[in-house]
Amino acid sequence: MSKKLRLCEVADVKDGEPVAAFAEGMPALAVYNVDGEIFVTDNLCTHGNAMLTDGYQDGDVIECPFHGGSFDIKTGAAKAFPCQVAIVSYPVEIEDGWVCIAKPEEAA
């Protein structure tokens, strides 16, 4: 049975204003509200050493603040040069008003 990691309250994530989240054993995470639906991705751009939550969210796309590359928030796919490597996107569960993701299984 996998445990869930609580990242932040749903009410703290406004449409178009991504929120940085931190959970033990996880890379820096970004939580997004896209038209009322919540998504979670890694927060670190795969091209430059930038936090995506410092960038600009336009609908379901997040633009990196360093070089203007962008990613699809829903899938993590790189959308614009110079970004070419996808960011990790995590399945989200809403539990008691909190944004949660599954805790990765411990290595055997």
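Here UniProt numbering is used: the first residue of the sequence shown is 1, the next is one more, and so on.
Glycine included, each C-beta is placed from N, C-alpha and C at the ideal position.
What you are looking at is a predicted structure, and each value in this text was computed from that prediction instead of being measured.
Item checked: Residues bridged to Lys4 [DSSP beta-bridge criterion] -> According to DSSP, Lys4 bridges with Ala102.
Item checked: Which listed residue (Asp58, Asp42, Cys8, His47) has its alpha carbon closest to that of Cys83 -> Closest in alpha carbon position to Cys83, among Asp58, Asp42, Cys8, His47, is His47.
Note to self: Would Tyr90 and Thr41 be called neighbours here (beta carbons separated by less than 8 Å)?
What the structure shows: Closer than 8 Å, so yes.
Notebook entry, point to check: How far does the beta strand (DSSP E) with Asp42 in it reach, from first residue to last?
Noted result: Its beta strand (DSSP E) spans residues 37 to 42.
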